[in-house]
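Peer 1:
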Amino acid sequence: MEYDFSEDVDKVWPALLFMGAFVAAVGGLLFVLDILPRWGKGKERLQMFGFLGPALVLLGIGLVYPLVRTVTLSFYNNSRGSFVGIDNYSWIVTNDETLIMLRNTLFWVVCVPLLATAFGLIYAVLVDKARGEGIAKSLIFMPMAISLVGATIIWKFVYAYREADQEQIGLLNQILVWFGMEPQQFLTSSPSNTFYMIVMMIWIQAGFAMVILSAAIKAIPSEIIEAARLDGANPWQMFWKVTMPSIRPAVVVVTITITIATLKVFDIVRTSTNGNFKSSVLAFEMYNQAFRLSDDPSGEGRGAALAVVLFLLVVPIVAYQVRQLRQRAEMR
Amino acid sequence: MSNVSVDKATGATSPVAGRTSREPDTVAARVRRKLTSRVASVVAIIIAIVWTIPTFGLFVSSLRPEDEIKTTGWWKFFSNPSLTLDNYNEVVFGTSASSGRLASYFVNSLTITVPAVLFSVSLAAMAAYALSWLNFRGRDWIFIGVFTLQIVPLQMALIPLLQILGDYTDWAGGFFAVWFAHTCFGLPLGVFLLHNFMSELPAGLFEAARVDGAGPAMVFRRIVLPLITPALASLTIFQFLWIWNDLLVALVFTSGPETRPLTVRLAELAGTRGNDWQRLTSGAFVSMVIPIIVFLSLQRYFVRGLTAGGVKG
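Chains A and B supply the protein sequences, listed in that same order.
Counting the first sequence from 1 gives a position; the numbering used here is that position plus 26.
Counting the second sequence from 1 gives a position; the numbering used here is that position plus 64.
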């Protein structure tokens, strides 16, 4: 049977129409703003509404109101339901399954930032000024461009399992077999499955760390390196006494950024195990409670409470990062 | 291991310093440096290979016939090579219920991504302009507010926003809700990034335009937009890849095969047809085609967007 494109073409029309309407509206707005009184005290207020208004309205509807609403919702069992106090929060810290989920989240947040930053740093130092540096960096960085779903499928194939009497199709199990071991079902046994998923995230985030740290290494003033060399520093001293202190701020920023991304990890768990086999994490459980188990009368409230916990974990990390950035700006 | 290449790097930049350094440049020292730099290269190559093999294996598999994918490892391809495009043909254009029908989802992904990027980047540019070059009371507070919103995990917005947008699920062929959500979520980062660029523009430029009688809207169109094109490019690419690769927002704000993007379909195939490797391998590559093209051709801009927008999501 031939593939029929006519249906697909049909759904593009509303999009084109909307985009046309949007461009016309923005153009019209800019035109009106141009004939309104322009500069000067008070008059710019009118201009301000024109330029800033649309974004502020969207932020209000899309982020500010939902933020407040989610916080209140976390004290109710669902959006039409009754006030339950801190029940949703005490459910998080007393239920067996959610405790495992919190433990898994801790594994993720400890392992991914450390190892991804370490791999990124080692690689950035190794390929610095080497031949083919550009290509070498692109190879490591590419996982960053593809979707987490795609990345997970790549790794599920690495972990693919066949019974011991069959030929293995997954590389990792084949390696086990070559070494005379039994093939494993990597993603179904807890708690090790969490670590096999963590590998995927490290694989993705190391490229990010490498790119940022490589830029920081290249920004080290050559006079410092010269001076250290003239003083006879060996490579080991050079790394710890010159390179590391110079790029420390970048290392902090990278670690923090990866920590936040890891706290919000959702796609990998959803695509690998769908949260089964005791592999759930905070951001996945939030989605699970709020949208998948929405028949559960307490699902929405619990989902909201999990979102608030995620938020509360992110805030201090970001605050620390902002302080770091400001200190660095003051030092300049 | 990291020490060795520092040696190598500095050695490469300063042959003169090498001769005048206190450590005499003996034959032994030169041999040692050669050796260590070789160790560094070997380690780098090993890491590069380990990082590339998973993707490479999937790619090779996507080109093998179905029965071979399912019975032998992809490395057997090199002793017994046979290539086919059947998997791609089937997963993209196949019309049976179990095939991917990815062509249709590909169109969905484009229909979600392109408008959402247009909306969020345009509105962010206008807002950033007001926040950097128009004078009004409370400007700094509004900027701080928008900046702070960057740290809100979008999980915080999902439940209430779905309730608000629930009434508009039929709009624009079902795409309205997901456009709206992506546009809102993209704004804080966009405003922040573009504000940084715009506030660096020289004030004299604006004075001159004002004296010549240009209003704020004309300054925005004629002066600001052309000057911040690199920043707009970074933001556009970053947003494009972010929305194209997104799974969570799409799961919440789209429904049914008419609107769901590639990522959702792939996740579905991985869940229900986890052993149909002929579909998963080729399907994964179909979803990666656009990001990889964008990435390889516009890497520079992408990196800039990424460094500025690390906390998004």
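Each residue gets a CB set at the ideal place from its N, CA and C atoms; glycine is no exception.
Please read these numbers as outputs of a predicted model, since none were measured by experiment.
#1: According to the neighbour-count rule (16 or more other Cβ atoms, all chains shown, within 10 Å of its Cβ), is Tyr232(B) buried or exposed?
#2: Show which residues of chain B have a CB atom less than 9 Å away from the CB atom of Pro40(A).
#3: On the DSSP letters alone, give me the boundaries of the alpha helix (DSSP H) that Glu193(A) sits inside.
#4: Does DSSP put Tyr102(A) in a helix, a strand or coil?
#5: Strictly below 8 Å CB to CB, what residues from chain B border Lys267(A)?
#6: In or out: Met207(A) buried (at least 16 other Cβ within 10 Å) or exposed?
#7: Below 9 Å between beta carbons is the criterion; list the residues of the region 313-324 of chain B that meet it against any residue of chain A, in chain order.
#8: Taking the alpha-carbon of Phe309(B) as reference, which of Ile172(A), Phe133(A) and Thr220(A) has the nearest alpha-carbon?
#9: Output needed for Lys37(A): all residues of its chain with C-beta closer than 6 Å, excluding positions within five of it in sequence on either side, in chain order.
#10: Could you please give the first and the last residue of the uninterrupted alpha helix (DSSP H) stretch that includes Val178(B)?
#11: Whole angstroms are fine: how far does the CA of Phe167(A) sit from the CA of Arg280(A)?
#12: Along chain B, in chain order, which residues have C-beta atoms closer than 7 Å to that of Val153(A)?
#13: According to DSSP, what are the bridge partners of Phe109(A)?
#14: Roughly how many whole angstroms lie between the Cα atoms of Phe221(A) and Val335(A)?
#15: Leu93(A): which of Ser146(B), Thr293(B), Asn144(B) and Ala221(B) sits nearest, CA to CA?
#16: Could you work out which residues of chain B lie near Leu59(A), taking near to mean beta carbons separated by less than 8 Å?
#17: I'd like the ranges of any alpha helix (DSSP H) spanning at least 4 consecutive residues and lying wholly in the region 243-279 of chain A.
#18: In the region 240-311 of chain B, which residue ranges form an unbroken alpha helix (DSSP H) of at least 4 residues, counting only runs that do not cross its ends?
#19: Between Glu352(B) and chain A, is any beta-carbon pair separated by less than 9 Å?
#20: Under 8 Å, with one C-beta from each stretch per pair, do the region 223-242 of chain B and the region 280-296 of chain B reach the 3-pair mark?
#21: Smallest Cα separation from Lys155(A): which of Asn103(A), Gly233(A) and Ile243(A)?
#22: Could you tell me whether the Cβ of Gly176(A) comes closer than 9 Å to any Cβ of chain B?
#23: Gln303(B): which of Ile208(B), Pro179(B), Ile133(B) and His259(B) sits nearest, CA to CA?
#24: List the residues of chain A that Tyr365(B) touches, going by C-beta distances under 9 Å, in chain order.
#25: Checking contacts by CB at 9 Å: is Asp231(B) closer than that to chain A?
#26: So what does DSSP say about Leu56(A), is it helix, strand or coil?
#27: Once DSSP output is grouped into helix, strand and coil, what is the label at Gln219(B)?
#28: Quick test of your reading: Val294(A) and Leu174(A), contact by CB under 8 Å. State the CB separation rounded to the nearest angstrom.
#29: Trp139(B) to Phe123(B), Cα distance in whole Å?
#30: Does DSSP put Val340(A) in a helix, in a strand, or in coil?
#31: Less than 8 Å between C-beta atoms, sequence neighbours within five positions excluded: which residues of the same chain meet that for Val185(B)?
#32: What does the alpha-carbon distance come out to for the pair Gly325(A) and Arg318(A)?
#33: For chain A, is any of its Cβ atoms less than 9 Å away from the one on Trp115(B)?
#34: Give me the Cβ distance between Ser240(A) and Ala177(A), rounded to the nearest whole Å; I'm assuming they're in contact under 8 Å.
#35: For a contact meaning CB atoms closer than 8 Å, what does Val255(B) contact in chain A?
#36: Which residues, taken in chain order from the region 289-305 of chain A, show a beta carbon closer than 9 Å to some beta carbon of chain B?
Peer 2: This is what the structure holds:
#1: With fewer than 16 Cβ atoms within 10 Å of its Cβ, Tyr232(B) is classed as exposed.
#2: Correct list: Thr175, Trp235, Ala236, Gly237, Gly238, Phe239 and Phe240.
#3: That residue, Glu193(A), is in no alpha helix (DSSP H); it is neither H nor E in DSSP.
#4: Strand at Tyr102(A).
#5: Correct list: empty, because the minimum Cβ distance to chain B is about 10 Å.
#6: Answer is exposed; the Cβ neighbour count stays below 16.
#7: Taken in chain order, the members of the region 313-324 of chain B whose beta-carbon sits within less than 9 Å of a beta-carbon on chain A are Leu315, Val316, Glu322 and Thr323.
#8: Residue identity differs from the one stated: residue 309(B) is Asn in this sequence, not Phe. Comparing Cα positions, the closest option is Ile172(A).
#9: Closer than 6 Å at Cβ, skipping near neighbours: no residue.
#10: Following the DSSP letters along the chain, one finds Val178(B) inside the alpha helix (DSSP H) bounded by residues Leu166 to Trp197.
#11: Residue 280(A) is actually Val in this sequence, not Arg. Val280(A) and Phe167(A): Cα-Cα distance of roughly 14 Å.
#12: Near Val153(A) (Cβ distances below 7 Å), the residues of chain B are Ala108.
#13: Answer is Tyr102(A), bridged to Phe109(A).
#14: Their Cα atoms are separated by approximately 23 Å.
#15: Of the candidates Ser146(B), Thr293(B), Asn144(B) and Ala221(B), the residue whose Cα lies closest to the Cα of Leu93(A) is Ala221(B).
#16: Proximity of chain B to Leu59(A) at the Cβ level (cut-off 8 Å) is accounted for by Gly279, Pro280 and Ala281, in chain order.
#17: You should have 248-256.
#18: For secondary structure counted as the alpha helix (DSSP H) over 4 or more consecutive residues, the region 240-311 of chain B holds these complete runs in sequence order: 240-262, 267-275, 280-283 and 293-309.
#19: Looking at the sequence itself, residue 352(B) is Met, so the reference to Glu does not match. It does: the Cβ of Met352(B) has a partner Cβ on chain A nearer than 9 Å.
#20: The region 223-242 of chain B is not in contact with the region 280-296 of chain B.
#21: When Asn103(A), Gly233(A) and Ile243(A) are compared, the shortest CA-CA separation from Lys155(A) is found for Ile243(A).
#22: So, interface residue.
#23: For the residues Ile208(B), Pro179(B), Ile133(B) and His259(B), the minimum Cα distance to Gln303(B) belongs to Pro179(B).
#24: Going along chain A, no residue has its Cβ under 9 Å from Tyr365(B), so there is no contact; the nearest lies around 12 Å.
#25: By this cut-off, Asp231(B) is not an interface position.
#26: Note: Leu56(A) maps to helix in three-state DSSP.
#27: Looking at Gln219(B) - three-state DSSP - the assignment turns out to be helix.
#28: In the sequence as displayed, the identity of residue 294(A) is Ile instead of Val. With 8 Å as the limit, Ile294(A) and Leu174(A) qualify as a contact, their Cβ atoms being about 6 Å apart.
#29: Cα to Cα, the separation comes out at about 11 Å.
#30: It is helical.
#31: Excluding five sequence positions before and after Val185(B), the CB atoms of its chain that fall closer than 8 Å to its own CB belong to Gly250, Gly254, Leu296, Leu299, Thr300 and Gln303, given in chain order.
#32: Taking the straight line joining both Cα atoms gives about 9 Å.
#33: Taking 9 Å as the threshold, the shortest C-beta distance from Trp115(B) to chain A falls below it.
#34: Ala177(A) and Ser240(A) do not touch by the CB rule: their CB atoms are close to 21 Å apart, not below 8 Å.
#35: Under the 8 Å cutoff, chain A gives Ala81.
#36: Those residues of the region 289-305 of chain A that come within reach of chain B (Cβ to Cβ, closer than 9 Å) are Leu289, Lys290, Phe292, Asp293, Arg296, Thr297, Ser298 and Asn300.
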